[in-house]
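Since the structure comes first, as structure tokens, the remarks are kept for the end.
Chains as they are written, first to last, in the working numbering: chain A, 7 to 303; chain B, 199 to 402.
Here is the structure:
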């Protein structure tokens, strides 16, 4: 560490560009210093140097005094920060992840709420009645919402039903965004699953650097860690279970199919991240491979 | 440091959510690890002429208090969401310079930071100690370094005491003296505050 440290120090002292260097000519220009500096800074690829002091800037005639120096420096830093934030906020990927977080919270909230309401409803009626209802497959929430009741629970049920509609709209929005951002991946597993994988990984960059075997069990965190710590059977699939080829397959070959699916999926993610356009030749091959998986040739 | 009836305070404009004692802002040890260190009685004093490099500024709670005491605070933070909150704090305080860069790559923000009197680091990362060593170039000789070591981020399984002693030996090898370790257990679990001094080259 020590030798590394001194190397770095030397390295830093060799270059001598400060943030206020190269500004001498521009002092009288109409643009304020930060804007001038900022464009220069970008031009240089963000490469400048180290340990300036305000005294040097004052002797060079860039700033009047110390306060002036820190005022300009602060403006530059603020500009830099705002620029970074703007880039972050306008990124499609971040927006998609945030929308997915909203969806996840909505689902959690709705399922918790409806569970408690059904619980309350079954208490009110006799036991035999509620079991009959469940056998018929009636949705108690929908039923209560359609009733004429004006109590709090009925109103809540109506809210839940309308919320289901809003959730559907949200899912459609997410699908549209995801199809744009991850065209190949959405084609293979469907936009919603692709978005869920993205949410689980955190960012597209991180997702692309994962091995296929990690994609395969992404979303099966508990099963994976119980396997690693106590030796229970390893999970065959995580979120990609939603793919129809997997959940329709017999238990014996599910692992094989999800392995193939994951390895094709990671290629799709990489195409999406580095190229960003749909690759129909690859998709055809991938579909073929996924179809073939688990079948004896 | 300003103590009002045994409560650490600072002057300066109030931020939403602050508790106040008259015109003074209360610096709560539960929210800020640096305040906890002062409550446990072993932090170096911050004075009006100090320049401070703060790595891992997060949403700017501690930064705002430090800025009340110090001359200039360079606040380095990379994550966008805390950075947005940090910018809100900056609006009221002229002496905070937000730097949206990764503390692990000091070369990126080196042109903006001058030699500082105090280096403060509060990044809950596995390579915490290495990051702070990379930033030592900014610290003037004879200046103080405060490292908030979150032992649970370094290793979840190991014993916190062991992790801390490893960190201390790393700091010693890098040429830091007067190393004092304070455990902040009363306010923050498994956190150690390591205060040390960069060797004064002129004295040698």
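Beta carbons: idealized from backbone N, C-alpha and C, even for Gly.
{"Query": "For residue 295 of chain B, would you say it is in contact with chain A, using Cβ-to-Cβ distances shorter than 7 Å as the test?", "Result": "yes"}
{"Query": "Check whether the Cβ of residue 402 of chain B lies closer than 7 Å to any Cβ atom in chain A.", "Result": "At residue 402 of chain B, the pLDDT of 49 sits below 50, so the modelled position is not reliable and the matter cannot be decided from this model."}
{"Query": "Any beta carbon from chain A within less than 7 Å of residue 398 of chain B's own beta carbon?", "Result": "no"}
{"Query": "Any idea if residue 270 of chain B is buried or exposed, counting beta-carbon neighbours within 10 angstroms, 16 or more meaning buried?", "Result": "buried"}
{"Query": "Across the stretch 289-297 of chain B and the stretch 318-326 of chain B, are there enough close Cβ pairs to call them in contact, namely three or more that are closer than 8 Å?", "Result": "no"}
{"Query": "When the Cα of residue 303 of chain B is compared with those of B:236, B:316, B:328 and B:285, which residue comes out closest?", "Result": "B:328"}
{"Query": "Starting from the C-beta of residue 244 of chain A, find all residues in its chain whose C-beta is less than 6 Å away, skip the five residues before and the five after it, and write them out in chain order.", "Result": "223, 224, 225 and 226"}
{"Query": "Are any of the Cβ atoms in chain C nearer than 7 Å to that of residue 282 of chain B?", "Result": "Of the protein chains in the structure, A and B, none is chain C."}
{"Query": "Tell me, to the nearest whole angstrom, how far the beta carbon of residue 337 of chain B is from that of residue 343 of chain B; I am working on the premise that it is less than 8 Å.", "Result": "6 Å"}
{"Query": "I'd like the list of long-range same chain contacts for residue 148 of chain A, defined as Cβ closer than 7 Å, with 5 residues on each side in sequence excluded.", "Result": "167"}
{"Query": "What residue from A:198, A:289 and A:209 has the CA that sits closest to residue 109 of chain A's CA?", "Result": "A:198"}
{"Query": "Is residue 141 of chain A buried or exposed, if buried means 16 or more other CB atoms sit within 10 Å of its CB?", "Result": "At residue 141 of chain A the pLDDT is 48, less than 50, meaning the model places this residue with poor confidence and gives no usable figure here."}
{"Query": "Going by Cα to Cα distance, which pick from B:288, B:256, B:264 and B:291 is closest to residue 275 of chain B?", "Result": "B:256"}
{"Query": "Secondary structure at residue 381 of chain B, three-state DSSP: helix, strand or coil?", "Result": "strand"}
{"Query": "Interface residues of chain B around residue 91 of chain A at Cβ under 7 Å?", "Result": "278, 281 and 282"}
{"Query": "For the structure I just gave you, are there three or more beta carbon pairs, one from the stretch 155-162 of chain A and one from the stretch 182-200 of chain A, closer than 8 Å?", "Result": "no"}
{"Query": "To the nearest angstrom, report how far apart residue 100 of chain A and residue 209 of chain A are at their CA atoms.", "Result": "8 Å"}
{"Query": "Can you tell which of B:376, B:226 and B:397 has its C-alpha closest to the C-alpha of residue 263 of chain B?", "Result": "B:226"}
{"Query": "Could you give the distance in angstroms between the alpha-carbon of residue 248 of chain B and the alpha-carbon of residue 396 of chain B?", "Result": "15 Å"}
{"Query": "Would residue 287 of chain B pass as a contact of residue 258 of chain B if the rule is Cβ separation under 7 Å?", "Result": "yes"}
{"Query": "Leaving out five residues before and five after residue 9 of chain A in sequence, what residues of the same chain have Cβ atoms less than 7 Å from its Cβ?", "Result": "Note on residue 9 of chain A: pLDDT 42, under 50, position unreliable in the model; no value is reported."}
{"Query": "How many angstroms separate the CA atom of residue 254 of chain A from the CA atom of residue 279 of chain A?", "Result": "30 Å"}
{"Query": "Which bits of chain B does residue 87 of chain A rub up against, with CB to CB less than 7 Å?", "Result": "281, 285, 296 and 298"}
{"Query": "For residue 211 of chain B and residue 265 of chain B, I'd like the C-alpha separation in whole angstroms.", "Result": "11 Å"}
{"Query": "Going by CA-CA distance only, name the one from B:217, B:251 and B:207 that's closest to residue 330 of chain B.", "Result": "B:251"}
{"Query": "How big is the Cα-Cα spacing for residue 407 of chain B and residue 92 of chain A?", "Result": "The shown model of chain B, from 199 to 402, leaves out residue 407 of chain B, and the question about it has no answer."}
{"Query": "Give a yes or no on contact between the stretch 302-321 of chain B and the stretch 368-381 of chain B, applying the rule of three or more CB pairs nearer than 8 Å.", "Result": "no"}
{"Query": "Taking the runs of the beta strand (DSSP E) that are 3 residues or longer, which of them lie wholly in the stretch 255-339 of chain B?", "Result": "270-274, 294-297 and 314-319"}
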